[in-house]
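The sequence shown runs 156 to 293 under the working numbering.
From the three backbone atoms N, C-alpha and C, an ideal C-beta is built for every residue, glycine too.
As the structure is a prediction and not an experimental result, all values here were calculated from the model.
Okay, structure first, notes after.
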Amino acid sequence: MIDNLQQFMLEPGKGFAFVARQQHIRTENSDFFIDLVFYNYLIKCFVIVELKTDKLTHQDIGQLDMYVRMYDDLKKQQNDNPTIGLLLCTETDSIVAKYSVLKDNAQLFASKYIPYLPTEDELVREIEQQKLLFELQR
Numbered sequence: 156m157i158d159n160l161q162q163f164m165l166e167p168g169k170g171f172a173f174v175a176r177q178q179h180i181r182t183e184n185s186d187f188f189i190d191l192v193f194y195n196y197l198i199k200c201f202v203i204v205e206l207k208t209d210k211l212t213h214q215d216i217g218q219l220d221m222y223v224r225m226y227d228d229l230k231k232q233q234n235d236n237p238t239i240g241l242l243l244c245t246e247t248d249s250i251v252a253k254y255s256v257l258k259d260n261a262q263l264f265a266s267k268y269i270p271y272l273p274t275e276d277e278l279v280r281e282i283e284q285q286k287l288l289f290e291l292q293r
């Protein structure tokens with residue numbers, strides 16, 4: 156699934172460059188692995204993509220938020236824009252999403268990034284296709 160999602164992000168020609176897959180980040184006592192990392196050279200920022208095959212939880216959102224913050228602290232250069240995090244899951248819960256993010260956080264989704272990111276419909280279609288392919292391979 157990650158292979159196909161990686162290819163999907165690179166296809167639209169909207170400035171995405173592949174950086175890493177299952178990128179290892181270590182804290183003092185823990186190890187984390189970011190599913191996919193891209194750099195968008197048009198909007199000059201890293202884009203972290205986390206893929207969840209289960210229902211969305213507030214822990215998933217917190218994990219992505221931590222990855223974005225860590226990336227901004229550890230990898231972002233002075234002339235880069237803030238890191239963007241995309242959380243793709245097979246089942247959503249709009250109430251969990253609504254109350255799990257920081258209210259009115261300007262960095263959650265800046266309108267200037269919209270032309271360079273896949274649309275919500277494109278992402279939903281891709282996840283549905285990948286889910287179907289995964290189930291057929293079982």
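Across the set TYR226, ALA172, LEU211, ILE203, the C-alpha of ALA172 shows the shortest separation from the C-alpha of LEU197. Within 10 angstroms of the beta-carbon of ASP276 lie fewer than 16 other beta-carbons, which makes it exposed.
The beta strand (DSSP E) runs lying completely inside the segment 198–246 and spanning 3 residues or more are 200–210, 239–246, given in chain order.
Counting the other Cβ atoms within 10 Å of the Cβ of GLY217 gives fewer than 16, which makes it exposed. With contacts defined as CB atoms closer than 8 Å, GLU205 and LEU242 qualify as a contacting pair.
For TYR194, the uninterrupted beta strand (DSSP E) segment begins and ends at 186–195.
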